Amino acid sequence: QVQLVESGGGLVQPGGSLTLTCKASGTITRAYRLGWYRQAPGKQRELVATVNGVGDTDYAGSVKGRFTIARDNAKKLVSLQMDNLKSEDTAVYYCNAVIAGIVTNEFWGQGTQVTVSS
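The opening position of the sequence shown corresponds to residue 728 in the numbering used here, with each subsequent residue numbered one higher.
Shown next as structure tokens:
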């Protein structure tokens with residue numbers, strides 16, 4: 728079983744920066760793909776960024792060049808550095824861990840609120 732706990736959300740002005748951190752516990756290995764998703768009010772949850780066990784990353788087009796995902800396998804951490812934040816980045820951000828095999832196992836954190844407003 729895997730538990731994910733996010734931290735680092737808050738209120739920031741447009742153009743500002745925030746760093747989200749997700750601490751994983753339990754049986755999590757390099758085989759898991761880790762990522763961040765977000766859900767704004769009235770919208771579906773969407774992918775923000777993912778990183779696999781060897782460091783390959785993928786980003787949503789709307790955040791590419793502004794957000795950076797990083798992973799520390801030894802510490803079981805995945806972070807999301809968010810720069811040049813915009814009002815449309817306002818959402819609840821969720822940490823995700825998924826491993827595909829005969830059975831796909833997927834885990835979610837409880838979410839952390841990010842509000843971009845002046």
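The C-beta atom is built at its ideal place from N, Cα and C for all residues, glycine as well.
All values derive from a computational prediction rather than experimental measurement.
| query | result |
| --- | --- |
| Per DSSP, the bridge partner or partners of residue 796 | 807 |
| Distance CB(residue 746)-CB(residue 763) smaller than 9 angstroms | no |
| Range covered by the beta strand (DSSP E) that runs through residue 764 | 760-766 |
| Spatially closest choice to residue 828 from 758, 753 and 743, by CA coordinates | 758 |
| Sheet register partners of residue 748 (DSSP bridge) | 734 and 806 |
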